[in-house]
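To start, the structure under review is shown below, and the notes come after it.
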Amino acid sequence: MNSAASPSVPPADASPTAWIGHTLDGRYRLRELIGEGGMGAVFTAEQINLHTLVAVKMIHASYTGNAEISERFRREAMATAKIDHPNVTRAIDFGALPGGGAYLVTQLVRGPTLTDTIAQGKLPWRRACDIGLQIADALVAAHGAGIIHRDLKPDNILLERREDLSVVKVLDFGLARVADANPGMAPLTRLGTVMGTPGYMAPEQGAGEPTDERTDLYALGVILWECLTGRELWDGGELSDILIRQLSQPPPSLATQIPDLPPDFDRLICKLLAREAQDRPQTAREVRDALRVLANTPAQAVVAATPTLPPAPAPAPQQANRGLVGFLAVFAGLAVLIIVLWAVENWGSGTDGAPAKQAPASETATKSR
55 MNSAASPSVP
65 PADASPTAWI
75 GHTLDGRYRL
85 RELIGEGGMG
95 AVFTAEQINL
105 HTLVAVKMIH
115 ASYTGNAEIS
125 ERFRREAMAT
135 AKIDHPNVTR
145 AIDFGALPGG
155 GAYLVTQLVR
165 GPTLTDTIAQ
175 GKLPWRRACD
185 IGLQIADALV
195 AAHGAGIIHR
205 DLKPDNILLE
215 RREDLSVVKV
225 LDFGLARVAD
235 ANPGMAPLTR
245 LGTVMGTPGY
255 MAPEQGAGEP
265 TDERTDLYAL
275 GVILWECLTG
285 RELWDGGELS
295 DILIRQLSQP
305 PPSLATQIPD
315 LPPDFDRLIC
325 KLLAREAQDR
335 PQTAREVRDA
345 LRVLANTPAQ
355 AVVAATPTLP
365 PAPAPAPQQA
375 NRGLVGFLAV
385 FAGLAVLIIV
395 LWAVENWGSG
405 TDGAPAKQAP
415 ASETATKSR
């Protein structure tokens, strides 16, 4: 790593705003504080030689003393640099700060987070499909480079406006698992360690079990569900509470909430949210291709594919009268049949239904005379 070139820099415990106006390594002049978190801050900066704006993410010196956190920051830079894709924020540079700390320079993206967008209300299914398609395409590139994001959520997705389009930018690979990052390097996360954001972690991730590409696909399913409903899927509670609900309750049906949602879209989201990894789509490419087909489906085809129950037509007056006459005829026929059967059954019987006593033969003969 290179050291910063500014002759005078803020002390390690200075607030992030104290860095504004300073130049890192003689190339990046910090101009504006974009955001601040517990571990560091993000600035806009000018690349002096090219006169372009970039984003600079800095980590506090107190955290670089922690070997694991420092290594995670380095791996984030390495992971982002390995993915060359229009839907992933591109890493430009990485360096050390004087007195401790480090910085990561990335492409500057202007736009709201997907969290902010969802907070404004549920999205039309076609827009949600387009956003999901771009996220899935970014995952195809990441997974192809041997990188599992493991912290995919609306907060880590920016929507950059370009003319009349929203371009998705996936960022923050701080929890990424990088395959073959360095031969012989020990993994940062031990089996049983839970890393991620509750509500977006797949059940196996929340249980501290091994993760793979399908873990990111589960998170994508949660994101799509929330885009369509405008609310959190697994909201509230501790990690253990959320995990219990994930394992014991199916996600609420989208078909009843989104009347115009194509059945194929609903089925895809259900598969993405499957509890068992083997029941989900197996690759991001499979999901991307399915979303691409949905995005290109003509509106009339979607309407035709959506099952609906048309209202029963009102019967014509003549048909109604004909039905009434037929009913009365059947009823009258049944009544006659019942009377005949009753008469046959009771013929030769007393009024009480008991068999009549036959007269003696002599009496009968006398009467016949």
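Read in the numbering used here, the sequence shown has 304 at position 250, and its numbers run on one by one without any break.
All C-beta atoms, glycine included, are put in the ideal place defined by N, C-alpha and C.
*Straight-line CA distance for Asp-191 to Glu-217?*
In the sequence shown, counting from the first residue as 1, residue 191 sits at position 137. In the sequence shown, counting from the first residue as 1, residue 217 sits at position 163. About 21 Å.
*asked:* With a threshold of 7 Å on Cβ separation, who are the neighbours of Phe-319 within its own chain once the five nearest residues in sequence on each side are excluded?
replied: Position 265 of the sequence shown, counting from 1, holds the residue named residue 319. The residues are Trp-179, Cys-183, Leu-348.
*asked:* Need the endpoints of the alpha helix (DSSP H) that Leu-219 sits in, please.
replied: Taking the first residue of the sequence shown as 1, we reach residue 219 at position 165. Note, Leu-219: premise wrong, no alpha helix (DSSP H); beta strand (DSSP E) at 219-224.
*If you count every other CB in all the chains shown that lies within 10 Å of the CB of Ala-95, and 16 or more means buried, which is it?*
Counting from one through the sequence shown, the residue named residue 95 turns up at place 41. Flag for Ala-95 reads buried.
_Taking the alpha carbon of Ala-338 as the reference point, which residue from Glu-267, Cys-324, Leu-162 has its own alpha carbon closest?_
Mapped onto the sequence shown, residue 338 falls at position 284. Of the listed residues, the one whose Cα sits closest to Ala-338 is Glu-267.
*Per DSSP, Phe-148 is paired with what?*
The residue given as residue 148 occupies position 94 in the sequence shown. For Phe-148, the beta-bridge partners assigned by DSSP are Leu-158.
*Curious, which full-length alpha helix (DSSP H) runs of at least 4 residues does the stretch 290-358 contain?*
As for any alpha helix (DSSP H) of minimum length 4 sitting wholly inside the stretch 290-358, the runs are 293-302, 317-326, 338-349, ordered along the chain.
*Are Leu-193 and Asp-270 closer than 8 Å when you measure CB to CB?*
Working through the sequence shown from its first residue, we reach residue 193 at position 139. Working through the sequence shown from its first residue, we reach residue 270 at position 216. Going by C-beta atoms, Leu-193 is nearer than 8 Å to Asp-270.
_Rounded C-alpha distance that separates Ala-261 from Met-255_ = By 1-based counting over the sequence shown, the position of residue 261 is 207. By 1-based counting over the sequence shown, the position of residue 255 is 201. Using only the alpha carbons, I get a separation of about 9 Å.
_Whole-Å CB distance - Leu-274 paired with Leu-326, under 8 Å assumed_ = Mapped onto the sequence shown, residue 274 falls at position 220. Mapped onto the sequence shown, residue 326 falls at position 272. Indeed, because the Cβ distance is near 6 Å, the residues count as touching under 8 Å.
*Going by Cα to Cα distance, which pick from Glu-122, Thr-134, Met-112, Glu-214 is closest to Thr-171?*
Indexing the sequence shown from 1 puts residue 171 at position 117. Minimum Cα distance to Thr-171 is reached at Glu-214.
*Reduced DSSP category for Ile-211 - H, G, I as helix; E, B as strand; rest coil*: As a first step, residue 211 must be located in the sequence shown, where it is residue number 157. When secondary structure is reduced to three states using DSSP, Ile-211 falls in the strand class.
_From Ile-123, His-203, Glu-125, residue whose alpha carbon lies closest to that of Thr-251_ = One-based indexing of the sequence shown puts residue 251 at position 197. Comparing alpha carbon positions, the residue from Ile-123, His-203, Glu-125 closest to Thr-251 is His-203.
_Residue closest to Leu-151, alpha-carbon to alpha-carbon, out of Pro-64, Gln-161, Leu-212, Val-224_ = Counting from 1 along the sequence shown, the entry for residue 151 is found at position 97. From the listed residues Pro-64, Gln-161, Leu-212, Val-224, the smallest Cα separation to Leu-151 is found for Pro-64.
*Out of Ile-74, Gly-291, Val-222, state which residue places its alpha-carbon closest to the alpha-carbon of Arg-144.*
Locating residue 144 in the sequence shown gives position 90, counting from the first residue. Of Ile-74, Gly-291, Val-222, the residue nearest in Cα terms is Val-222.
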